[in-house]
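Asks: I am attaching a structure below and will ask some questions about it afterwards.
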Ligand SMILES: [Mn+2]
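In my numbering, the protein residues as written are 1 to 334.
Here it is in structure tokens:
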């Protein structure tokens, strides 16, 4: 694969010759996906391109402080099918397989648009798009977008700085995960010069749990399963329980943060029963045990320290038990 800078040049050529550009991220967009899409959208707007940023669902209120909140559209087939179909360029951020596009997967595949993928997840092969800007060593996809903007001499304004900061801060768990390093902090210093209110952003992203959500966190803490001397901690959140508590907006991160705060914990697994009977799985490690490898065995993927998958309904229980056994063996060997 040629150097990323050459691919940046190819990307720039595609952007300059495209009349209509759609930018999107993976479904259930997290901070990095949102930040990357937001930063790229703003850059394209500043450079006079015709761009539409699109997500498959409304932005989480955690990111409601972002300028981006006024600058994106929620994909609606009636309204957007034609736009996606006739776009010249379709750019997807923070995902390395088309399946992660959710409701936009089919429209993207049917579109005449050339596709570009910008991502930092480990990916086998060349990537899903016509042009793939992949770097698994990048802290966040937002970082790759930032590097691209700098590469083409673009301006970093407050909206871009805010967006890239959201990418970096959320994919590093507010600068606590193993992917935090000096390079990240140097970039944060540059971005903060754009009058970013970091404490307000922290409050919005990390301290905005609803009452039912807090009660759920308490329940999970009380009922968690500790194995291997507390090194492996897992929990299973049943649908019925969410309904009983009145949790309308479920997010795994606050629960995962709590579970992995134990003194001996090296691996955390959170299983959540979905409305359709499938089980969503979130895996976290301290960075030494490969969660991406485990997730892949069960049809998912991610990073070494954070990965996930969704277990299909038919054999959900069996897969769940088998996944826990896999983790148990891994932790026992470590
Ligand atoms: Mn990411």
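No residue lacks a Cβ here, since even glycine has one placed at the ideal position from N, Cα and C.
Closest to residue 56 by C-alpha separation, out of 42, 84, 315, would be which residue?
Replies: With distances taken between CA atoms, residue 56 lies nearest to 84 out of 42, 84, 315.
Asks: Since residue 322 is in the alpha helix (DSSP H), which residue starts that stretch and which ends it?
Replies: 316-333
Asks: Hey, how far is the Cα of residue 118 from the Cα of residue 95?
Replies: If you draw a straight line from the Cα of residue 118 to the Cα of residue 95, it is about 7 Å long.
Asks: Given 8 Å as the limit, tell me if residue 121 has its C-beta closer than that to any heavy atom belonging to ligand 1.
Replies: yes
Asks: Mind checking which residues open and close the beta strand (DSSP E) that includes residue 308?
Replies: 306-311
Asks: Is residue 167 near ligand 1, going by C-beta to nearest heavy atom under 8 Å?
Replies: Because some heavy atom of ligand 1 lies under 8 Å away, the Cβ of residue 167 counts as near it: yes.
Asks: With a 10 Å radius around its C-beta and 16 neighbouring C-beta atoms as the bar for buried, classify residue 92 as buried or exposed.
Replies: buried
Asks: Can you give the beta carbon distance from residue 27 to residue 144, rounded, assuming they're within the 8 Å contact cut?
Replies: No, residue 27 and residue 144 are not in contact; Cβ-Cβ is about 20 Å, not under 8 Å.
Asks: Check the C-beta distance from residue 278 over to residue 319 and give it rounded, since I have them as a contact under 8 Å.
Replies: Contact flag wrong, Cβ pair sits at about 10 Å.
Asks: Are the CB atoms of residue 89 and residue 47 nearer to each other than 9 Å?
Replies: no
Asks: One question on the structure: do residue 265 and residue 272 come within less than 9 Å of each other, judged by their Cβ atoms?
Replies: no
Asks: So what does residue 271 bridge to, in DSSP terms?
Replies: 236, 281
Asks: Residue 141 lies in the alpha helix (DSSP H); which residues open and close that run?
Replies: Unbroken alpha helix (DSSP H) run through residue 141: 141-151.
Asks: Inspect the beta-carbon positions of residue 257 and residue 170 and report whether they are closer than 9 Å.
Replies: no
Asks: Under the criterion of a Cβ to heavy atom distance below 8 Å, does residue 32 qualify as lining ligand 1?
Replies: yes
Asks: Can the beta-carbon of residue 148 be found less than 9 Å from the beta-carbon of residue 40?
Replies: Cβ atoms of residue 148 and residue 40: closer than 9 Å.
Asks: State yes or no: is the C-beta of residue 63 within less than 9 Å of the C-beta of residue 34?
Replies: It is a contact, given that the beta carbons lie within the stated cut-off.
Asks: Please look up how many angstroms separate the CB atoms of residue 164 and residue 172, rounded, as I've assumed it's under 8 Å.
Replies: The pair is not a contact, with the Cβ atoms about 12 Å apart (cut-off 8 Å).
Asks: Does the distance between the C-beta of residue 140 and the nearest non-hydrogen atom of ligand 1 fall short of 8 Å?
Replies: yes
Asks: In terms of alpha-carbon separation, which member of 21, 103, 15, 131 lies closest to residue 3?
Replies: 131
Asks: Short check: CB of residue 196 to CB of residue 235, under 9 Å?
Replies: no
Asks: For residue 161 versus residue 186, is the C-beta spacing smaller than 9 Å?
Replies: The answer is no: Cβ separation not under 9 Å.
Asks: I want to check one thing, is the minimum distance from the CB of residue 171 to the heavy atoms of ligand 1 below 8 Å?
Replies: yes
Asks: How far does the beta strand (DSSP E) with residue 225 in it extend, from its first residue to its last?
Replies: 225-227
Asks: If you compare alpha carbons, which of 210, 122, 45 is closest to residue 137?
Replies: 122
Asks: Using the Cβ count rule (16 or more neighbours within 10 Å means buried), how would you classify residue 75?
Replies: buried
Asks: Less than 8 Å between the CB of residue 135 and some heavy atom of ligand 1, yes or no?
Replies: no
Asks: Let me know the alpha helix (DSSP H) ranges lying completely inside the stretch 13-100, each 4 residues or longer, listed in chain order.
Replies: 31-46, 77-86
Asks: Kindly examine ligand 1 and report whether one of its heavy atoms sits closer than 8 Å to the Cβ of residue 94.
Replies: yes
Asks: Quick check on the DSSP output: what are the complete beta strand (DSSP E) runs of length 3 or more inside the stretch 186-265, in order along the chain?
Replies: Restricting attention to beta strand (DSSP E) runs no shorter than 3 residues, the stretch 186-265 encloses them at 225-227, 232-237, ordered along the chain.
Asks: Just the Cα atoms here: how many angstroms apart are residue 247 and residue 204?
Replies: 18 Å
Asks: Looking at the unbroken beta strand (DSSP E) that takes in residue 288, where does it start and where does it end?
Replies: Where residue 288 is concerned, there is no enclosing beta strand (DSSP E), given that its DSSP letter is neither H nor E.
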